[in-house]
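Okay, structure first, notes after.
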Amino acid sequence: MDSSLLQQPLSPIAEYLSSPMLSLSVLAILEFQVPIHTLDLAPNLRNLFLPINPRFSSILVTNEQGEKKWKRVNVEVEEHVKDPIFPPGLTIESYKAHFDEYLTKISMEEFRPDKPLWETHLFKYPTSPTVAGTMILKLHHSLGDGYSLMGVVLSCLHTASDPNVPLTFPSRRQRRFNNGVVKSLTGIVSAVCRTASDLGWSVFKGIDEKTPIRSGREGLQFMPMNTFTVSFSLNDIKKIKTKLQVTVNDVITGIIFMGLRLYMEEIEKNSGEVAATALTIVNTRVIGNYRSATEMAKPESKGLWGNQLSYLEIMIPKMTNVTNPLEFVMAAHRSINNKRTSFTIHVVAHLLNLLRKLRGHQEVAKFLHNLLKNTTTVISNVIGPLQQMALDNHPISGLYFTIVGTPQSVTVTMLSYMGKLRVAFRTEKDFIDAHKLNCCMEDAFEKIFEAANDIP
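In my numbering, the protein residues as written are 2 to 457.
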């Protein structure tokens with residue numbers, strides 16, 4: 002083996018996400034249409050998954066200078082496949098309850114330091130009439146972000162109708178985060194003003210107050226959480242998008258904002274008027290479509306694999322400021338567009354890099370931890386495949402993901418698949434009423450969809 006591959010340094014973001022202050026993992030949940038009792042994962046992991054990237058065969062080590070590096074090790078894939086056993090003959094509702102408890106349990110477990118930072122779990126029991134079995138892929142976030150995860154999907158899964166047909170994804174709009182504003186002096190001045198306003202607001206806004214969606218408890222990242230999902234038709238989302246001349250991301254963000262405010266009002270009167278902030282995660286790659294993990298690993302890909310992320314701080318519109326449901330979407334559109342057409346993302350990246358050089362990566366991790374802890378929620382969005390996927394000829398009927406380890410009462414993640422947008426909510430157990438929040442999200446969608454349909 003090439004000695005240069007035996008130990009490789011972590012990227013700065015990977016260092017932040019693997020520190021004691023901020024250790025995040027991603028859970029990807031694949032729901033199978035057929036039973037998976039005969040699914041043999043080991044050969045697929047050995048022949049398809051491990052060759053994707055050296056990090057899947059590496060552990061984190063710290064050298065004498067205190068620097069973290071990836072160290073290649075031999076991997077026994079069988080040790081990374083978990084197969085929980087539950088009593089036979091239970092109802093679907095009982096198995097769903099067992100699955101929810103199991104998901105909570107593995108979310109709280111830490112990776113062993115002497116093993117690569119990933120594992121799979123095969124839950125071989127039905128959890129709904131359309132889900133005969135479920136696979137959970139748990140990955141430490143230092144291995145890569147959502148874009149990298151979709152590269153894994155491209156490399157390991159195939160189209161259900163024909164294994165020889167490659168998966169396709171919706172085109173990702175290429176984004177340069179200042180959106181060409183430097184073409185004119187007026188654009189530069191405008192971008193600078195927006196950047197100064199953004200940074201000033203971030204510094205002086207203070208800590209979000211405790212509300213029905215923010216308990217403010219210490220150590221939330223170590224506490225049990227519930228996970229549930231809400232599905233929306235992408236065609237319906239696109240109809241709203243077309244009526245309002247905004248993006249799909251603007252629409253779904255507006256729905257989430259309205260749903261959160263409706264829930265707050267349901268739980269505590271007038272709490273929908275309290276200031277609340279959302280962190281929206283953005284992919285900073287300036288590219289179009291997804292690439293397979295193999296393509297990402299090529300030298301000419303210029304480091305597409307990994308964590309290339311930043312964030313935008315967005316104020317959740319207050320109920321008192323909104324009389325029209327569509328204003329939640331338009332408010333999200335204005336906030337996101339203003340921040341994307343400023344230099345805020347670039348300035349934040351430089352400031353974090355400066356802090357790392359002056360104080361070390363632990364201080365940056367501490368800053369990011371406090372940023373999450375002091376805001377209300379985080380929202381992350383990933384684009385998934387258009388066609389139905391399969392693993393070893395086992396068709397996948399549903400797909401979603403969530404992030405674990407955030408010190409917040411509510412974490413929101415979104416993934417599109419087969420014409421549906423699956424929104425996963427990870428919520429603080431015994432604090433958030435998951436059923437009521439689910440209903441509020443559906444109510445928000447219906448109100449926004451009806452209001453958009455009324456537009457001539």
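Just so it is clear, CB atoms sit at the ideal spot from N, CA and C, and this is done for glycine as well.
Note that the C-beta distance between T412 and V379 is below 8 Å. Distance from F426 to F229 at the Cβ level is roughly 6 Å; contact confirmed, criterion being Cβ atoms closer than 8 Å. Here T281 is buried: its Cβ has 16 or more other Cβ atoms, across all protein chains shown, within 10 Å. Boundaries of the alpha helix (DSSP H) harbouring R262: V249 to I268, taken from the DSSP string.
Within a 10 Å sphere around the beta-carbon of S381 sit 16 or more other beta-carbons, which makes this residue buried. The alpha-carbon separation between S12 and H362 amounts to approximately 11 Å.
Annotation for Y401: no alpha helix (DSSP H) segment contains it, though the beta strand (DSSP E) segment containing it runs H395 to V405. V424 counts as buried, since no fewer than 16 other beta carbons sit within 10 angstroms of its beta carbon.
Taking the CA atoms as reference points, L422 sits about 7 Å from M415.
Straight across, the Cα-Cα distance linking L168 with Q388 is about 7 Å. Each residue's CA atom was taken as its position, placing V275 and E80 some 48 Å apart. With fewer than three CB-CB distances shorter than 8 Å, the region 434-447 does not count as touching the region 59-74.
Distance from I449 to P326 at the Cβ level is roughly 5 Å; contact confirmed, criterion being Cβ atoms closer than 8 Å.
Taking a contact as a CB-CB distance under 8 Å, the pair P213 and M265 counts as one, their CB atoms being some 5 Å apart. The DSSP-derived three-state label of E429 is strand. In the structure shown, the three-state DSSP call for L23 is strand.
Three or more beta-carbon pairs separated by less than 8 Å link the region 70-90 to the region 118-138, which places the two stretches in contact. Note on geometry: alpha-carbon atoms of S143 and I189 lie some 35 Å from one another. With contacts defined by Cβ atoms closer than 8 Å, F112 and L118 form a contacting pair. C-alpha of L46 to C-alpha of L31: approximately 15 Å in a straight line. Taking all protein chains in view, the Cβ of N250 is crowded by 16 or more other Cβ atoms within 10 Å, so the residue is classified as buried. Boundaries around N45 are those of the alpha helix (DSSP H), L42 to N45, since no beta strand (DSSP E) includes it. In this structure, I337 sits near L313, with a CB-CB distance shorter than 8 Å. Here T342 is buried, its C-beta having at least 16 other C-beta atoms within 10 Å. A residue is called buried when at least 16 other Cβ atoms come within 10 angstroms of its Cβ; L158 meets this threshold and is buried. V323 has its alpha-carbon roughly 7 Å from the corresponding atom of F329.
The shortest C-alpha to C-alpha distance from A279 to any of I208, E16 and N308 is the one to I208. If you check the CB distance, V383 and G147 come in under 8 Å.
V166 is classed as exposed because its beta carbon has fewer than 16 other beta carbons within 10 Å across all chains shown. P10 has K70 as its beta-bridge partners, per DSSP.
In this structure L28 is in contact with K139, their Cβ atoms being roughly 5 Å apart against a cut-off of 8 Å. The beta carbon of M226 is closer than 7 Å to those of T105, S108, R427, T428, E429 and K430 in its chain, skipping five residues each way along the sequence.
Between the beta-carbon of V247 and that of M442 there is about 19 Å, and that puts the pair past the 8 Å contact cut. For N354 and P408, the gap between their C-alpha atoms comes out near 23 Å. Taken atom to atom, the span from the alpha-carbon of P89 to that of F33 is near 19 Å.
Here G134 really is in contact with P36; their C-beta atoms are around 6 Å apart, less than 8 Å.
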